[in-house]
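Report on one structure; see the data block that follows.
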Amino acid sequence: MANGPVWVFAEVVDGRVAPGALELLTKARSLGAADVEAVCLGPGAREAVGELGRHGASTVYISIDAGFVELLMGGPGADTLAPLIATRKPELILFPGTHDGRDLAGRLAAKLDLPVIANGLDIETGAAITVTSTIFGVTQVVRTEFGERRPALALFRPKAFTASALPAGPAPRTVEVPAVIDERHRRARVVDRSTPVATGPALEEATVVVSGGRGLQEPANFELLHEVAGLLHGAVGASRAAVDAGWVPYSMQVGQTGKTVKPTVYIACGISGAMQHTVGMRGAQAIVAINRDPEAPIFKLADLGIVGDALTVLRQLRDELRSRSG
Amino acid sequence: MNVVVCVKLVPDPNTPGQLDPETHRLRRDLADAVLDPGDEFGVEAGLQLAEAHGGEVRVVSMGPERAVDAVRKALAMGATKGVLVCDDSLRGADALTTAKVLAAAIRREPYDLVITATESTDGYSGIVPQALAELLGVPAVTFASEMSSDGSLLTATRQTERGSETVVTGLPCVVAVTAGVNEPRYPTLRGIMGVKSKPLERLTPTDLGLAASVPTPTGQTVVSVTMAGQRQAGEVVRDDGDGAHRIVELLARLRVI
Chain A
94 MANGPVWVFA EVVDGRVAPG ALELLTKARS LGAADVEAVC LGPGAREAVG ELGRHGASTV
154 YISIDAGFVE LLMGGPGADT LAPLIATRKP ELILFPGTHD GRDLAGRLAA KLDLPVIANG
214 LDIETGAAIT VTSTIFGVTQ VVRTEFGERR PALALFRPKA FTASALPAGP APRTVEVPAV
274 IDERHRRARV VDRSTPVATG PALEEATVVV SGGRGLQEPA NFELLHEVAG LLHGAVGASR
334 AAVDAGWVPY SMQVGQTGKT VKPTVYIACG ISGAMQHTVG MRGAQAIVAI NRDPEAPIFK
394 LADLGIVGDA LTVLRQLRDE LRSRSG
Chain B
170 MNVVVCVKLV PDPNTPGQLD PETHRLRRDL ADAVLDPGDE FGVEAGLQLA EAHGGEVRVV
230 SMGPERAVDA VRKALAMGAT KGVLVCDDSL RGADALTTAK VLAAAIRREP YDLVITATES
290 TDGYSGIVPQ ALAELLGVPA VTFASEMSSD GSLLTATRQT ERGSETVVTG LPCVVAVTAG
350 VNEPRYPTLR GIMGVKSKPL ERLTPTDLGL AASVPTPTGQ TVVSVTMAGQ RQAGEVVRDD
410 GDGAHRIVEL LARLRVI
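Going down the list, the sequences are from chains A and B. Counting from 94, one number per residue, gives the positions in the first sequence under this note's numbering. Counting from 170, one number per residue, gives the positions in the second sequence under this note's numbering.
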C-alpha cells in the first residue's frame, strides 16, 4: 500500500452514524495504510466525529451544509470532495453500497475519471488493490484488480465486514471543508421525506426474520407474518415481487436492491428464491423455506424446506408458538 | 417531451449466466438473451410521458451485435428510434466506460429526460445512471419508484433505506427507475410489424468521437472467477400437518425460543 490515506465515506442517518461506515473503517484499519480517514457530509457530521474516531479514523473531514440533505447529495458531494481528493491524494475510498453511497461514487468516478468497483465483499491491498465481489446471485466469486489510477473507488455490500471499536484513544482531528454546491444541483430538491413507523427490532438487526413473497396471495396475509415475527421477537421482510406489487413498503425489501440481513433464522414464506432475493439473505445462519412448489430455487439453500401452503403452516406455527409461550 | 431510455441486453434472468473462466467475460453463448426486464419499466415510463406531453422516445444501448434485439423490443413497445453502440473494443466494458458511451450517444440529439433502470440484472453495479448524469451535467434521481411530470418539472418518489423522499427537479435530468414503477405494456402485433420501418442506427466509439477515451485506460482488470462455496441444501419435506412443528424444533435447537 502506497503512502496516501484510505478514506471511508460515512453517512449519518437519524442522528446516528450508519453501520456501513463503522464496518468499512474497521476493515480500513487492516489495509496497511498510513492513515485511515473519514468523510462525513451534512448536518450531524460534527456529532459523528467521535464514533468515527473510535472505529479508526485519525482525521474526519466534515462539511455541514444543509444542501447535502435538502438536495440530492451525489452532485454536491462529488463537487465538494473533488478538490479535497486533489490535495490529500487518498489511495482508496471505501463507500457503503447504499443509495447515496452509489450516487456519490458514480458521480466521482465520472467527474475525476476514476475506476470504480461495486458490490464488494472483501478487499486486499498489497502490490495491487483487489476487490472480491460476487455475481449471478452469489454463485460465482470475482476478483478484480484496480489499475494504477488513484484513488480507487470501491463500494461494499452491507455487512461485508464486522464493525469493532478501538480501545479509547485520542480524538480524531476534525477538518471542516467548504461545501461546493453548484447552481445546477439546486435544480433537484428533496421536498418531503417519509419514514414508515416501525415496531419491533430493525430488519437488519433482528435475530429472526420472517419474510413473505407473492406466494402469500394477498397483502392482508402479511398480518400473519407480523404475528409470527412478534412471537419470535423478530422482524418482517419481503421479496421484491411483494414490494413491486405494492403489498408492503420498500423498507421491508430484502435482496440485491433492498436490505441485506444475517439473522440467526430466516423464514421465507411463499418466496421462490430469485437471485435478486437470495443475495440479501443467504448469510443467515439457518434458512427455513415454505413454498407450494417443490422445484422452487429457495429449497436449494434452505436448511429446512417445507413443501406446502405457507398460510396453513404459518397459522399452525403461530398457534404452537403461542401455546409454548402461554 | 423528448425522452431517451437506456436499455441493455442481458442473459435471461431465468437461466443464470456464467463467466468464462478464461476470458473472465460473460459467456453469452450459453444464455438466452433478453431486453433487461428492469429496462421494460423505463421504456414504459418514457412512452407514458411522451404520450402525455408529445415528443418521442429514443432508445440507446451498448452491447454486442445481438443487443439489437433489445433495442427492437423497445421499438416494438412504441419507441420511435434506436441507437446501438457496438464495437469489439467495448467488450467487457466497465461501468465508467459504459456511461461515457451512453452519454455521447445521448448528446447527439436534444433531450429532456434520460431514463435508466436502477441497475442491470446481470452486472448490477448500480452506478451507471449517476456517472451518466455527471457526464451530462444534470441531476440524477435514483431509485425512483414513481414519477410524473407537468412537462417542465419532474416529481419523483425516491426510495431510501428508511422510507422514501419526494424529489422535484427541473429538466433535463436522469431518472433511474425501480422495477414496479409501472406495468410495462406488451408489444402489439402492429408494434412488432412496425419495427422494420423505424430508424435503427449502429455506431462505434469512433463515430461518437470517443476512440481515444474508451475503454477507460488503467481502470480495472478481472483477475479470477471461481465458483462460490454453495450453501448445502438441507432437508426438504412435504407438509403433512407437522411442518410447523418441524420449524419449532429447529428454532428450539438454535435457541431462538
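No residue lacks a Cβ here, since even glycine has one placed at the ideal position from N, Cα and C.
Using the rule of at least 16 other Cβ atoms within 10 Å of the residue's Cβ for burial, across every protein chain shown, is P182/B buried or exposed? Of the residues assessed, P182/B falls on the buried side of the cut-off, its CB having 16 or more other CB atoms within 10 angstroms.
Determine, using beta carbons only, whether C342/B comes closer than 8 Å to chain A. yes
From the DSSP output, in three-state form, read off S333/B for me. strand
Quick one: is H222/B near chain A, going by C-beta distance under 8 Å? So, not an interface residue.
Note down, in chain order, all residues in the stretch 337-360 of chain A with a beta-carbon under 8 Å from any beta-carbon belonging to chain B. D337, A338, G339, P342, Y343, S344, Q349, T350, K352, T357, V358 and I360
Closest to Q389/B by C-alpha separation, out of L117/A, V153/A, R243/A and I157/A, would be which residue? R243/A
Taking only beta-carbon positions, decide if E413/A is within less than 8 Å of chain B. The beta-carbon of E413/A is placed less than 8 Å from the nearest beta-carbon of chain B.
Unbroken stretches of the beta strand (DSSP E), 3 residues or longer, contained in the stretch 250-296 of chain B: 250-254 and 282-286
Neighbour flag for P308/B against chain A, beta carbons, 8 Å: yes
If we count Cβ pairs, one from each stretch, closer than 8 Å, do we get three or more for the stretch 262-274 of chain B versus the stretch 241-249 of chain B? no
Proximity test, Cβ basis, 8 Å: S294/B and chain A: yes
Cut-off 7 Å between Cβ atoms - residues of its own chain near G360/B, not counting five sequence neighbours on either side: A245, M246 and G247
Starting from G135/A and walking both ways along the alpha helix (DSSP H), at which residues does that stretch end? G135/A -> no alpha helix (DSSP H), and no H or E assigned at all.
For M316/B, which residues in chain A fall below 9 Å Cβ to Cβ? Correct list: empty, because the minimum Cβ distance to chain A is about 13 Å.
In terms of residue numbering, what span does the beta strand (DSSP E) encompassing L372/B cover? Residues L369 to L372.
When we look at the beta-carbon of L404/A and count the other beta-carbons within 10 Å, is it buried (16 or more) or exposed? The residue in question, L404/A, is buried, as its Cβ has 16 or more Cβ neighbours within 10 Å.
Cβ-Cβ separation, S314/B to V350/B (assumed contact under 8 Å), whole Å: 6 Å
Measuring alpha carbon to alpha carbon, tell me which residue in L174/A, N384/A and L187/A is nearest L205/A. Comparing alpha-carbon positions, the option among L174/A, N384/A and L187/A lying closest to L205/A turns out to be L174/A.
Ordered along the chain, which non-local residues of its own chain (more than five positions away) have a Cβ less than 7 Å from that of A395/A? I380, V381 and A382
Using a Cβ cut-off of 8 Å (strictly closer), state whether M231/B contacts chain A. False, the Cβ-Cβ gap to chain A never drops below 8 Å.
Roughly how many angstroms lie between the CA atoms of A114/A and K120/A, to the nearest whole one? 10 Å
Does any residue of chain A bring its CB to less than 8 Å from the CB of A262/B? no
Rounded to a whole number of angstroms, what is the C-alpha to C-alpha distance between G194/A and A211/A? 10 Å
Where does G339/B fall in DSSP's three states? G339/B falls in the strand class under three-state DSSP.
List the residues that DSSP assigns as beta-bridge partners of V229/B. C175/B and V252/B
In whole angstroms, give me the CA-to-CA distance for K269/B and H222/B. Distance between the alpha carbons of K269/B and H222/B: 29 Å.
Secondary structure at R400/A, three-state DSSP: helix, strand or coil? Reading off the sequence, residue 400/A comes out as Val, not Arg. In the structure shown, V400/A sits in a strand (DSSP, three-state: E or B).
For E238/A, return the contacting residues in chain B, with the cut-off set at a CB-CB distance below 7 Å. Within 7 Å of the CB of E238/A, the CB atoms of chain B belong to Q389, T390 and V392, in sequence order along the chain.
Measuring only between beta-carbons, confirm whether A413/B sits less than 8 Å from chain A. yes
Contact list for E334/B against chain A, beta-carbon separation under 7 Å: Proximity of chain A to E334/B at the Cβ level (cut-off 7 Å) is accounted for by V283, D285 and R286, in chain order.
Can you pull the chain A neighbours of V425/B, defined as C-beta to C-beta under 7 Å? T300, V301, L325, T357 and V358
R333/A versus chain B: which residues are under 7 Å apart at the beta carbon? The answer, in chain order, is A348.
8 Å contact criterion, which V105/A and A141/A should meet: CB distance rounded: Indeed, because the Cβ distance is near 5 Å, the residues count as touching under 8 Å.
Answer yes or no: do P169/A and A322/A have a C-beta to C-beta separation smaller than 8 Å? no
With 16 as the cutoff for other CB atoms within 10 Å, does P356/A come out buried or exposed? buried
My output table needs one value for G51/A: the three-state DSSP class, helix, strand or coil. Because chain A is modelled from 94 through 419, residue 51/A falls outside the range shown and cannot be assessed.
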